[in-house]
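Everything below concerns the one structure shown next.
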Amino acid sequence: MKHGIAFRKLSRDTSHRMMMLRNLVTSLLQYETVKTTLPKAQETARMAEKIITLGKNRDQHAWRKVTGFVLDPSVLPKLFGTFANRYANRPGGYTRIHKFGNRLGDNAPMAVLELVDNPRDIKMEVTARAVGMEMLKARLQTGSIPDIMQNGLKGADEFILKEVNMSADKVGELRSATRFNLQKILKYGRPTIVAEMAHKAEEHIVRPFPAHSLRCFTDLSSGRATR
């Protein structure tokens, strides 16, 4: 039976491993997103969660622990101010890992580690695109293509709120996976998160679409095959 395998050693001794993780956590707090190998991202996320929780405490003990860990003191106001306010109502889960393929050369699995609700949140961008496309698909069932091409679509905020507040047994205009991701993003998001999501969805909708593409999209959504 093996003992003492509580975490990854990352092919480094203790001092080298801790310095590397401190550097990665500091970079994550500074830039809110880092790209590294998947095992390093998982270990960095584990330590970043603890540091952000200390930042939310905002007491002298937390200040001493954090100042002894981060390598750049310039991230302290951001940690005890911006992040403490952003995650005040979120009980953990401040980081998110996105797998990013394998590295050329040694084929090591890569990942993007980001802070949740950061200004360039990848999950929010992808979900907003899905909401926009599915909202467009629903509107094409009743609206005319020339009108949509000329005026775009409005009311994404009402559309989002209606879908989020819908009970699980109801069938809405969004796919179940899209609605689930949308609910996760909005649950602990900042007060302006609905308006931001609606703006991103509408921005994706109003991008120029050729008329023939919209016709093909309408035919596919209604189950008709086109040539």
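In my numbering, the protein residues as written are 113 to 339.
Note that CB positions come from ideal geometry on N, CA and C, so glycine has one too.
Look up residue i in the DSSP assignment and say whether it is helix, strand or coil.
i, result
"Ala223", "strand"
"Ile209", "strand"
"Thr239", "helix"
"Asn293", "helix"
"Asn214", "strand"
"Met131", "helix"
"Ala118", "coil"
"Gly180", "coil"
"Glu315", "helix"
"Val283", "coil"
"Gln253", "coil"
"Asn201", "coil"
"Gly267", "coil"
"Arg158", "helix"
"Asn230", "coil"
"Met278", "coil"
"Asp125", "coil"
Could you tell me the alpha carbon to alpha carbon distance between residue i and residue j, rounded to whole angstroms?
i, j, result
"Asn169", "Lys177", "11 Å"
"Glu237", "Val228", "12 Å"
"Lys121", "Pro151", "10 Å"
"Glu275", "Pro185", "43 Å"
"Pro303", "Val137", "27 Å"
"Arg291", "Leu273", "11 Å"
"Tyr199", "Leu298", "13 Å"
"Pro203", "Phe181", "22 Å"
"Glu315", "Ala289", "21 Å"
"Glu270", "Ala240", "14 Å"
"His128", "Leu141", "20 Å"
Quick one: what's residue i bridged to in DSSP?
i, result
"Thr304", "According to DSSP, Thr304 bridges with nothing at all."
"Lys147", "Val224"
Can you have a look at residue i and say buried or exposed, based on whether 16 or more other CB atoms are within 10 angstroms of its CB?
i, result
"Ile91", "Within the shown structure, residues of the chain are numbered from 113 to 339, placing residue 91 beyond reach of any answer."
"Ile234", "exposed"
"Leu216", "exposed"
"Met309", "buried"
"Gly267", "exposed"
**Message:** When you compare the segment 208–217 with the segment 270–285, are there three or more beta-carbon pairs, one atom per stretch, that lie closer than 8 Å?
**Reply:** no
**Prompt:** Are at least three pairs of beta-carbons, each pair with one atom in the segment 153–165 and one in the segment 124–136, less than 8 Å apart?
**Reply:** yes
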